[in-house]
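Note that this note's numbering gives residue 69 to position 59 of the sequence shown, counting from 1, and the numbers run on in steps of one.
Built from N, CA and C at the ideal position, the CB exists for glycine as well.
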Amino acid sequence: MFTWNNRRGGTANVQECLDHFLANKEWSTLFPRLKVSHLDFGGSNHWAVLADLEANLEGMYLKQRRKLFRFKPWWLRDEECMEIILSEWL
């Protein structure tokens, strides 16, 4: 897909893929099914880049609700268990 066009006709026409979307690792983790698309702007020679987050958020919340935390009694045998509980939960 070309996202930039110099709007010239024939062999003078140049089309390039210039408009990109960049996400860091945190974004990729937070939105694993992020959908990026290009929107046609009639008044510009560039296309807008749209990052669709809302559809993914709904799926993320449903996934989180289904996954319940369950404490495993054998964790108490680990030497660092109490430290982790005190520092992270209380």
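DSSP, read as helix, strand or coil, puts A22 in helix. Per DSSP, the continuous beta strand (DSSP E) segment holding K45 begins and ends at K45 to L49. If you draw a straight line from the Cα of N15 to the Cα of D62, it comes to about 24 Å. Residue pairing of L60 in beta bridges, as defined by DSSP: S47. Setting aside the 5 residues that flank it on each side, K82 has no residue in the same chain whose C-beta is closer than 7 Å to its C-beta. About 5 Å separates the beta carbons of W85 and C91, which is inside the 8 Å limit, making them a contact pair. The beta carbon of K45 sits closer than 6 Å to the beta carbons of D62 from its chain, once the five residues preceding and following it are set aside; these are given in chain order.
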